[in-house]
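Undergrad:
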Amino acid sequence: MELNEKVLEIIKRLKELYPDAKIALNFENPLQLLVATILSAQCTDERVNKVTPDLFKKYPNAKAFAEASLEELAEDIKSTGFYQQKARYIKEACKILVEKYGGEVPKNMEELLELPGVARKTANIVLANAYGIVEGIAVDTHVSRLSQRLGLVKSKDPQKIERELLEIVPKEEWFIFPLLLQAHGRKICLAKKPKCQECLLKELCDAYLSQN
DNA sequence: CTCCCGATAT
DNA sequence: ATATCAGGAG
């Protein structure tokens, strides 16, 4: 099967499987999504969601984060791990938002990438899910793992994986594609022991086929 | 390539 | 107790 039709078939099946696939992070505005996504680095979305309700109540806007006590902010996000780094990223990023963008989150890739703690994965998530601007495909650990197992890409580097995916995934699917892989990655194609017997993509999966 | 780090599953 | 999960910066 041609790689392009394989992708289409995978997307078709995953859409039937996860008709309501959407981002797992809870947020009410672009700033909240930006902060939540920074917090989600090396941390599950469920854990981030446990921290953000109180966090967003305490820091309602970019100015509040920019003026926060670093120690206190770190304490507030502690359970997401790497909390000192993340506290710095959030405070510094919000300072830039206040100074350069009137407290708003920029709507383009270049400006987002200038924010500390923000690389393509975070920028893609914010642009797509807060603004509906789809310039790329957010490659997180799930997208990376499933794309490799399925045999859609050969690279291991997230940047290269994104470039390969953009070549084979039709542009109108760029938004839903990572959400579908994330849903499947969380439920079936687990990092540790994937539930291949329950997987409806079995016969399309290079990893499954090569070990059976 | 190393550092940042807690939570949960085993 | 210990392995596993999960992005970005320097």
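Okay, so the first sequence: first residue is 3 according to this note's numbering, each after it adds one. We treat Cβ as the ideally placed atom computed from N, Cα and C, and that holds for glycine. No experiment lies behind these values; they were computed from the predicted model shown.
Just the Cα atoms here: how many angstroms apart are G153 and A66?
TA: Walking along the first sequence from the start, residue 153 turns up at place 151. Walking along the first sequence from the start, residue 66 turns up at place 64. Those two C-alpha atoms are separated by around 45 Å.
Undergrad: Is it buried or exposed for N131, if we count other Cβ within 10 angstroms and need 16 for buried?
TA: Walking along the first sequence from the start, residue 131 turns up at place 129. Flag for N131 reads buried.
Undergrad: Pull up the distance between the alpha-carbon of P221 and that of G187, whole angstroms please.
TA: Residue 221 lies beyond the residue range present for the chain, which begins at 3 and ends at 214; the question has no answer from this structure.
Undergrad: What separation, rounded to the nearest whole angstrom, lies between the Cα atoms of K156 and K60?
TA: Position 154 of the first sequence holds residue 156. Position 58 of the first sequence holds residue 60. If I take the Cα positions, the gap works out to 44 Å.
Undergrad: In the DSSP assignment, find the unbroken alpha helix (DSSP H) run with A103 in it and report its ends.
TA: Here the question's residue 103 lines up with position 101 in the first sequence. Checking the displayed sequence, the identity of residue 103 turns out to be Tyr instead of Ala. Start and end: Y85 to Y103.
Undergrad: Tell me the rounded alpha-carbon separation between P160 and P32.
TA: Taking the first residue of the first sequence as position 1, residue 160 is located at position 158. Taking the first residue of the first sequence as position 1, residue 32 is located at position 30. So the two alpha carbons sit approximately 24 Å from each other.
Undergrad: Buried or exposed, going by whether 16 or more other CB atoms sit within 10 Å of the CB of N126?
TA: As a position in the first sequence, residue 126 is number 124, starting the count at 1. N126 comes out buried.
Undergrad: Among residues of its own chain, excluding the 5 on either side of T39, which ones have a beta-carbon nearer than 7 Å to its beta-carbon?
TA: Here residue 39 is taken as the residue at index 37 of the first sequence, counted from 1. L27, T124, I127 and V128.
Undergrad: Decide if the region 11-26 is in contact with the region 192-211; the criterion is three or more beta carbon pairs, one per stretch, under 8 Å apart.
TA: A contact exists between the region 11-26 and the region 192-211.
Undergrad: Determine the burial state of D208: buried for a count of at least 16 other Cβ atoms within 10 Å of its Cβ, exposed for fewer.
TA: Mapped onto the first sequence, residue 208 falls at position 206. It is exposed - the Cβ of D208 has fewer than 16 other Cβ atoms within 10 Å.
Undergrad: So for M111, helix, strand or coil by DSSP?
TA: To locate residue 111, count along the first sequence from 1; it is residue 109. Note: M111 maps to helix in three-state DSSP.
Undergrad: In the DSSP assignment, the alpha helix (DSSP H) including F177 goes from what residue to what residue?
TA: Residue 177 sits at position 175 when you count from the first residue of the first sequence. No alpha helix (DSSP H) holds F177; DSSP gives it neither H nor E.
Undergrad: Out of A43, I79, E73 and E48, which one is the CA nearest neighbour of F58?
TA: The residue labelled residue 58 in the question sits at position 56 within the first sequence. Nearest option by C-alpha distance: I79.
Undergrad: So A76 packs on Y85, CB below 8 Å; how close in whole Å?
TA: Taking the first sequence and counting its residues from 1, the one referred to as residue 76 is at position 74. Taking the first sequence and counting its residues from 1, the one referred to as residue 85 is at position 83. Correct: roughly 5 Å between the Cβ atoms.
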